[in-house]
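J.:
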Amino acid sequence: MTPALELADLRKSFGKTEIIRGVDLSIGKGERHAVIGPNGAGKSTLFNLITGRFPQSGGSITLHGTDLAGKAPFEINRMGLSRSFQITNIFPKMTVFENVRCSLLWSLGYRYNFWSMVGRSRALTEGAEEILEQINLTARRDLPAGVLSYAEQRALEIGITIAGGADVIMLDEPTAGMSHSETDYIVDLIRTVTTGKTLVMVEHDMGVVFGLADQISVLVYGEIIATGTPEAVRANPKVQEAYLGAALEDH
Amino acid sequence: MTDQSTTNASKSAQGVRAGSMMLALTPWCIAAVALLVLPFIFTANSAITIMNQMAITIIFALAYNMLLGQGGMLSFGHAVYAGVGGFACMHIINNDAFFSQLPLPLLPIFGGLFGMGLAMIVGSFSTRKAGTVFAMISLGVGELIAACSVIIVAFFGGEEGISGDRTYGLPFLGVEFLQQIEVYYLIAVWLMLSAALMYLYSRTPLGRMANAVRDNPERAEFLGYSARWVRFYSFVASGFFAGIAGALFAINYEILTEENLNTTQSGIILLVTFLGGVGFFFGPILGAIVFTLVQTVLSLQTELWGFYLGIVFVVTVMFFPGGLAGLIMMHVPAMRLGKLSVLALPYLRTLGAGFVGCLGAAALIEMVFHVRHASVGDHEMTVYWTTFDSHTVLPWVLAIAATVVGFWIARATAPSLAAAWSEANTADGGQP
Amino acid sequence: MDLILVNLIDGLVTGLLLFMLSAGLTLIFSMMGVLNFAHASFYMLGAYFAFQISLALGFWMGLLIAPLVVGVMGAGVERYGLRRVHQYGHVPELIFTFGLALLIEELVQFIWGKNQMPYEGPDILQFTAFAIAGNSIPAYKIFMIFISVAIFIGLLWVLTRTRVGMIIQAALTYPKTVEALGHNVPLIFMGVFGVGTALAGVAGVIAGPVLGTFPGMAFVLGSIVFVTIVIGGLGSLWGALVASLLIGWITTFSKAYNLRMEDLLTTFGFTKPEPIWDSPWRDLWSITSPQIADILPYVLMVLILIFRPYGLFGKRDA
Amino acid sequence: MRTSITLGLATALTLSVSAFAAAADTIKIAFIDPLSGPFAGTGTNGLHQYEFAADELVNKKGGVLGGDTFEIVAFDNKISPKESLIQLQVAIDQGIRYIAQGNSSGVANALTEAIQKHNRRNPEDRILFLNYSAVDPALTNDKCNFWHFRFDANADIKMDALTDVIAQDDGIKKVYIIGQDYSFGKAVAAAAVRFIGEKRPDIEIVGNELHPIGKVKDFTPYSRKIVASEADAIITGNWGADMLGLGKSVLENGYQGPIFTYYAAADGITAAFGETGEGALRLVAEGQINPPANDRAAAYYEAFKAKYPDGNISQARITNVIEMLARAIDEAGSATDVVKVAYALEGMEHENLWGGTIKMREVDHQLIQDVHIHAHTDDGITFDYDNSGYGIKVENTVSLAAMDSETSCKMRRP
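Quick mapping for you: the protein sequence lines, in order, are chains A, B, C and D.
Each residue of the first sequence is one higher than the last, beginning at -1 in the working numbering.
Each residue of the second sequence is one higher than the last, beginning at 31 in the working numbering.
Each residue of the third sequence is one higher than the last, beginning at 6 in the working numbering.
Each residue of the fourth sequence is one higher than the last, beginning at 2 in the working numbering.
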C-alpha cells in the first residue's frame, strides 16, 4: 500500500544555512503522526515544504504516490492535502459561516463558478452547517470571524482545514497559546474531526502529542533522529538527550 | 432576475421566507421606481444629461469596486477599459453596414466584450501579484494606452477623438433615440441590469472567493483556489462592466476622446468609489451620485470646487475610511436598537455648528482667493448669493466669526455627542 | 560624436534630477512600505517656495530655506496623516498620498494661480560654461550636476558612515529591535520622511527655473518618478540611481535621434502597405522615436514588472 | 456633502423652470471655455474680453433690436469635450441660442457636431456656434456646417501669411518644423511644408518632427538637434507650457534665428519670455494691438485696462464676434430665429475695430481678415502684455489673407 505522504532525503537551505538536512519519512494512510522537536529544529519549515509554501532545495515529497515538486499550494490542496497555520490564518472580515462555506467551494466542484448563487446551494449550506456543528460554532454563525475568542478562532481554523474533505490533514501547533481547558477541548475536537483521515501535526505540548499520535518523529537540527510509537520514542535515549537537553537549556 | 436576487440576498437558502424576500427586494424596487419617475420631476434636458452621466458613473464605479472593494486590487488605470469599450462602440456606430442592422440597446454588450478582451490581455500578467505591483502595472499600462491615444490615430482619433451618430442604428420598437429622454431610459435599463448582475456576481462562488483572496490570499491558496486566477477573473469581470459604462458613454455623448482614457479619469473613478465607500455594495452608487452633482453643479458655483473636493477626499481617507456608505452603516446598530432618535439632538447641535463653521471657512477661502486673484480693482464678489465688497472689514469679521464660533461650539459639544453615541449603541439592558 | 557627448551631459542632468526625487521616495518606501504618490508634489512645493523666497531674498536663500520648509511639511504629513492612515493598511495609505497629491496641486493653484511663475536661476550662473560644436552647455546645468552629486555622496555618507545612518538602516529592517534598544522609531520614520521630502524640495528648487514652475509640474514628473524606483527595485538606493540615469539617457537619446519605426519594420522584413494613409497600420509605420520618447519609461516598467517583478536591484518582492 | 445635494437638486429644478425664461430684454451668449484647471487663465481672460466687449460695444450703445442687451453667461468646461457637451445642454435649457467657444479644437469639434445634431433633432430651438479661437482647418472644410462661424483665421490661413513673410527673407535657407503630436501640430506642419514648397522651393526643411503634447519636461535634446541642423528659422504650433519650454530651451542652447509661431503671447508667456524672446519670437495673429490702428482701438484698450488692470486683450477678434452678432440680429429683426441671424452673418462685411475691413465668407463661414506677423519686443509698445513691459508689435501685414483660398466645405442650408 502506498503511504499517504512520503519524504525522501528532503533538504532546504536558506542562503548558506541548511535548515532541513535530509529528512526521510513515510506516513501511512489513516496514521496520526506527530513531529516534535526543540525550538528551531525546522518543524515549521518542514511543514511549509510539504505544503508548497517554500520550494525544496533537494529530495522529494510524494503524496499518494505523486511527486509534489514544483506544485503550487492550491494544486497540492486539490490533491487532498489540507493544512492549518501556527498563527491563526482565517478570513477575519467574513462571518464564521462564510469562512467555512468558502473552504467547501472547491471540493464541492464549484471551482471558478460565476453563474450559480452560493446562497441557493443546499449542499453548501448544509455542509457548512454540519462543519459548524462539529466545531461547536453554530451559535457564532453570523459573527465576523475576527471577533471570536482565540480558542474559537483556532477551532474555526481547524474547521476550515478539514472542510475541504482532504484526507491528509496537517496541523501546525493547533494548541499553541491555549490554556489547559482550551487545549483539552481542541484535542477532543481534533480527534473527532479527523477520524479516518491521515493526520500530521507539529506540536510542542507533549500531553497533546502523546494523547493524539500513533506515531511520533523527532526532528532535531533538520534531521529526524527517531520515529516510532509514543512509548518507543519516549524510551529512546537519543530523544531524551536531544529533546530534554534542549528543553533544560531553555529554562 | 428579480426572483434570483431575492433568494441570493437572503442569507440562508433554507430560510427563504416571504418577509426576507420583500426586504431584499425593496431597495431594488425603490431604485427602479426612482429611475422611472425621476425624468418626470426633472424635465429639463440638462437635468437628464446629468442623470445620464450619473448612471454611467455608477456603473463604472461599481465595476471599479469589484476590483478595489471586493478584490482588494488598487488600479490607477481603470479608465482604459471603459474607454476602449467606448471607442470600440464608436467604431461600430460608424460602421454603417453593421450598425444599421443592430438595435442600439444591444450596443453595450459589445462595449463590455471589448473591455473584457483588453482586461484579459492586461490581466494575464498584471494579476499575478496584488498590492503595490498590481497598482504600478495598472498605472504603467494606463499611461501607455492613454499616450497611444494621440499616436494611434486610426483607432483613437487623436486628441479630437472619434464621434458618430447613434440614431443610424436599427430602430428599436420604433424608437430611434433622437431625444435625450429615450437615451435616459436605455441607460436606466442598463444601469439596473448591470447593478443587479454585479450584485449577483458578488454572491457566486467566484465572488465570495474574491473577498477571501482580498483578505487572505495565502489561506485561499490552501483552500484549493489559485489567488492569481481569482484575481484574474475579478479583473476580467470588472473590465466587462467598465466596457459597458464606456459604451453607454458613447451612446450618450456620441463622442469619445483621450479624456476617456487618461489617468485623470482613472483617478476620478478611484475618488468616486472611495468617497462612496468601498466596503458596501451601494457605496460607489452614493459616491457617483454625489460626485456628479459636485462636479456639474458645485463647479458652476465656485472655481475652487477641486480644492474642496481634495480636502473632503483627504479627510475621508484619514477619518472615515468606510466612506459615505460606512458613515451611514455605522448607524445600523443604533437603528436596530430603535435608539436613533437619541442622536438627533446632539447631531443637530454638533454637526449643525460644524456645518456653520465649514460654511464660514469656505467663505474665508473664497474671499482670500478673490482678494488674491481677482483683477485689481475688482472688489465685488458673491458668496452664498450675497454680493459684497471683499475689501471691507465686515464680511471678513462675519466669516471669521462664523468659522470660529461654529467650530468652537462643535468642539465643545463633541463630548456630549460621543456620550449620546455610546448611549444609542447600548441596548437598554445596559450591556453593550 | 560631439553630439553624443552633449547628449550624454544632458541625459545626465535629467537623470540626476530624477535621482534626487527617487532617492527620497525609495528611502520612504523601504521604511514604510508605501509608495508616496505625493512625492512629486513636494518637489513642486520646493519650486514654488523657492520662487516666493527668491523674490525677497534671492535665489541662494531660496535654495537654503525652501527645502527646509518642505521637509518640515513632509514630516508633518507623516506625523499627522500617514501615521493615522497606517492602521487601515497599505491600500488606504496609497490612496491617502494620492489624495494628498490632488490637494497640493489645488493648494498651489489657490495660492499662486494657474500661470507659470517667472522663477529664474541666479544671474551669477547665467553664462555658457562651455560649448561643444556650437552647442552651449549653460553653467546652470553644471551647477545642477554638482548639487545632485554632492547630495548623493552626502546621503551615502550619512547612511553608511554615521551612527544616525546605522540606526536608520537598522530601523528599516528591524523596527521592533531598534525600538527595544531605546531609539524612538516613530521619530526616525518621521525624520526620514522629512529628509526624503526635503530632497524632493531641493530638486524642485533647482529644477524650477529650467523645467518651469507651474501647477502641472508635479503631475508631469510624478509618475515618472514611480516608474524610476519600480524599475530600479523598490527600496534600493543604487537601483534608483541606475534607473534614473537609464531613463535620463534613454529619453534624451531617443529625442535626439530620429529613429523611425519604418526603418525598424523594414529591417525586420515587413513591407510598407500602400497606400499608407489608408492602412489601419499607418500610425505604427509613422512612429518616430522622439514621438514616443516620454512613454518609453512606461514600456520599460511594464516589461520589468512582467519579467522581473522586483526590479533591477530589488531584493525579492516584499 | 448633504448641502451640495440639495443645492444640486435646487439648481436642477430651477433649470427646468428657467427653460421658459428666455427673457425678452436680454440676449444671452453662452461662453463655454475652461474657467478652472490649467487653462483657466486663458479662459478667464477671454471671458473678461467678452463681457467688456458686450458692455462697451453693444449695451452702452443702446443694445440691439431697440434696447435688448447682451449678457455673457459663463460655463466652465474644464477644457473637456464631455463637460462641454453637458454645459451645452445646460445652456440650451436656459434658452440660450448663441454659443461662444474657442480654446481647444477638440472641444470645438465636439461642439460643432453636437450642435449640428441638436439643430437637426430639435428644429424648434436651434442654436449658433460662434467659434472665436479654434483654428483646426477641418472646421471650415470637411466638418463645416451652417451653424458654425469662425472668427479667427484658421491654421492654414495663418501659415499662408507666415510663409509669405518667410519667403521674402532671402537669409532663410533652412527651416526646422517642430510641433505637438496632435491634430493642430500636424496641421501646422503639413501646411508649412506645403506653402514653403510652393513659395520657396529652394528652402530646405531640415527637420520636421512632433513631440508628445504636454509631456515633455526638458526640451534640451530637441534644441540640440535644431542647433545642430543649422536651421535659420523654426516654425512651431506649440502653445502654453510647451511653447515656453521649447522657446526658452532653443534660445538658451545657442539658437539665434527667428521662431515663427502662433501662440506665444499673454497669459504669462510674454512675461516669462521677457528679454529672452526679444528679437526671436515672431507671432502670426489677426488684430493689431501695437501700434494701435486708430484712436478708437486705443481708447477701447485703455478702457479695458482701466477695468482689468491685470488683463490682456489677447484675442482681439472677440470684438468682431460681438459687433457682427449685434448687426446680424438687428438685420434679422429677431434674436430667436437663428436661421435668419445666420443668413445675416453670412457674407457680412464689417469694419474691424482693430483696423481693416473683414468679411464672413459665405461658402465656409470663415472670416476673412488681415493677418499680421508680430514681433515680441519692448520697443514701441503702447499696450504691453502681462504688465511686463513686453508686448507684440506688428511687423508685417497680409491684407485679407487667403481670401480666395479653396475649401472642401459643402454646406447644407436649411
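Just so it is clear, CB atoms sit at the ideal spot from N, CA and C, and this is done for glycine as well.
Tell me the rounded alpha-carbon separation between residue 296(B) and residue 153(B).
T.: Using only the alpha carbons, I get a separation of about 17 Å.
J.: Measuring only the C-alpha atoms, how far is residue 121(B) from residue 212(B)?
T.: Looking at the two C-alpha atoms, the distance is approximately 22 Å.
J.: Rounded to the nearest angstrom, what separates residue 61(D) and residue 51(D) at their Cα positions?
T.: So the two alpha carbons sit approximately 14 Å from each other.
J.: Whose Cβ in chain C lies nearer than 8 Å to the Cβ of residue 173(B)?
T.: Per Cβ cutoff of 8 Å: 228, 300, 303.
J.: Flag this pair as yes or no: are the beta carbons of residue 214(A) and residue 192(A) separated by less than 8 Å?
T.: In this structure, residue 192(A) does not lie closer than 8 Å to residue 214(A) by Cβ.
J.: To the nearest angstrom, how far is the alpha carbon of residue 337(D) from that of residue 91(B)?
T.: Between residue 337(D) and residue 91(B), the C-alpha separation is close to 41 Å.
J.: I want to see whether chain D comes within less than 8 Å of residue 420(B), judged by CB atoms only; does it?
T.: Cβ-Cβ to chain D under 8 Å: no for residue 420(B).
J.: According to DSSP, is residue 312(B) part of a helix, a strand, or is it coil?
T.: In the structure shown, residue 312(B) sits in coil (DSSP, three-state: anything other than H, G, I, E or B).
J.: Within 8 Å of any Cβ in chain D, is that where the Cβ of residue 225(C) sits?
T.: So, interface residue.
J.: Does the separation of the CB atoms of residue 146(B) and residue 273(B) fall below 8 Å?
T.: Yes.
J.: In terms of DSSP beta bridges, what is residue 99(D) paired with?
T.: DSSP lists 30(D), 129(D) as partners of residue 99(D).
J.: Hey, could you find the ends of the alpha helix (DSSP H) residue 121(B) is sitting in?
T.: From DSSP, the alpha helix (DSSP H) with residue 121(B) extends over 109 to 124.
J.: Note down the Cα distance separating residue 61(A) from residue 208(A), rounded to an integer number of angstroms.
T.: The straight-line gap from Cα to Cα measures roughly 25 Å.
J.: Could you pull the start and end residues of the alpha helix (DSSP H) that residue 239(D) belongs to?
T.: Element bounds for residue 239(D): n/a, residue is neither H nor E.
J.: In chain order, what residues of the same chain have a beta carbon less than 6 Å from the beta carbon of residue 157(D), not counting five sequence neighbours either side?
T.: 138, 192, listed in sequence order.
J.: Anything in chain B within Cβ reach of residue 279(C), meaning under 9 Å, just list it in chain order.
T.: Those within 9 Å of residue 279(C) in chain B number zero; the least Cβ separation is about 16 Å.
J.: Can you pull the chain B residues whose beta carbon is under 7 Å from the beta carbon of residue 90(D), in chain order?
T.: 75, 76, 79, listed in chain order.
J.: Give me the Cα-Cα distance between residue 389(D) and residue 265(D), rounded to the nearest whole angstrom.
T.: So the two alpha carbons sit approximately 14 Å from each other.
J.: Any beta-carbon of chain D closer than 8 Å to the one on residue 447(B)?
T.: Chain D, which has no Cβ nearer than 8 Å to the Cβ of residue 447(B), makes this no.
J.: Can you tell which of 141(C), 7(C), 8(C), 43(C) has the C-alpha that lies nearest to the C-alpha of residue 201(C)?
T.: Looking at the Cα atoms, 43(C) is the closest of the given residues.
J.: Hey, is residue 3(C)'s beta-carbon within less than 8 Å of any beta-carbon in chain D?
T.: Any property of residue 3(C) remains undetermined from this structure, which presents chain C solely from 6 to 323.
J.: Hey, how far is the Cα of residue 292(C) from the Cα of residue 162(D)?
T.: For residue 292(C) and residue 162(D), the distance between alpha carbons rounds to 30 Å.
J.: Closer than 7 Å: is that where the CB of residue 196(B) sits relative to any heavy atom of the ligand FMN?
T.: Among the components of this structure there are no ligands whatsoever, and the ligand FMN is therefore not found.
J.: Tell me the start and end of each unbroken alpha helix (DSSP H) in the region 106 to 164 of chain A that is at least 4 residues and wholly inside, in chain order.
T.: The qualifying runs are 120 to 132, 148 to 161.
J.: Just by C-beta distance, which residues in the region 81 to 99 of chain C are closer than 8 Å to chain B?
T.: Here the close residues are 86, 89, 90, 93, 95, 96, 97, 99.
J.: Tell me which same chain residues have a C-beta within less than 7 Å of the C-beta of residue 205(A), skipping the five on either side of it?
T.: For residue 205(A), where only same-chain residues beyond five positions count, there are no Cβ hits under 7 Å.
J.: Could you tell me whether the region 78 to 86 of chain D touches the region 31 to 40 of chain D, using the rule of 3 or more Cβ pairs below 8 Å?
T.: At 8 Å Cβ cutoff, the stretches touch.
J.: Under the assumption that residue 277(B) contacts residue 188(B) (Cβ atoms under 8 Å), give the Cβ distance between them as a whole number of angstroms.
T.: Residue 277(B) to residue 188(B), Cβ: 21 Å. No contact.
J.: Under 8 Å between the Cβ atoms of residue 101(D) and residue 322(D)?
T.: Against a cut-off of 8 Å, the Cβ pair of residue 322(D) and residue 101(D) comes out as a contact.
J.: For residue 22(D) and residue 93(D), what's the separation of their Cα atoms in angstroms?
T.: Only weak support is given to the placement of residue 22(D): the predicted model assigns it a pLDDT of 41, under 50, and the value that follows is read from those uncertain coordinates. Each residue's Cα considered, the two are about 12 Å apart.
J.: With distances taken from CA atoms, which of 66(B), 101(B), 380(B) is nearest residue 221(B)?
T.: That would be 66(B), whose Cα lies nearest to the Cα of residue 221(B).
J.: Got a sec: is the Cβ-Cβ distance from residue 1(D) to anything in chain C below 8 Å?
T.: Residue 1(D) is absent from the model: chain D starts at 2 and stops at 415.
J.: Against chain A, with Cβ distances strictly below 8 Å, would residue 1(B) count as a contact?
T.: Residue 1(B) falls outside the range modelled here, since chain B spans only 31 to 462, and no answer is possible.
J.: From 336(B), 247(B), 237(B), pick the residue whose C-alpha is nearest to that of residue 114(C); which is it?
T.: Minimum Cα distance to residue 114(C) is reached at 336(B).
J.: Kindly indicate if chain C contains any beta-carbon less than 8 Å away from that of residue 182(B).
T.: Chain C contact via Cβ: present.
J.: For residue 23(C) versus residue 150(C), is the C-beta distance shorter than 8 Å?
T.: Result no, Cβ atoms of residue 23(C) and residue 150(C) do not sit closer than 8 Å.
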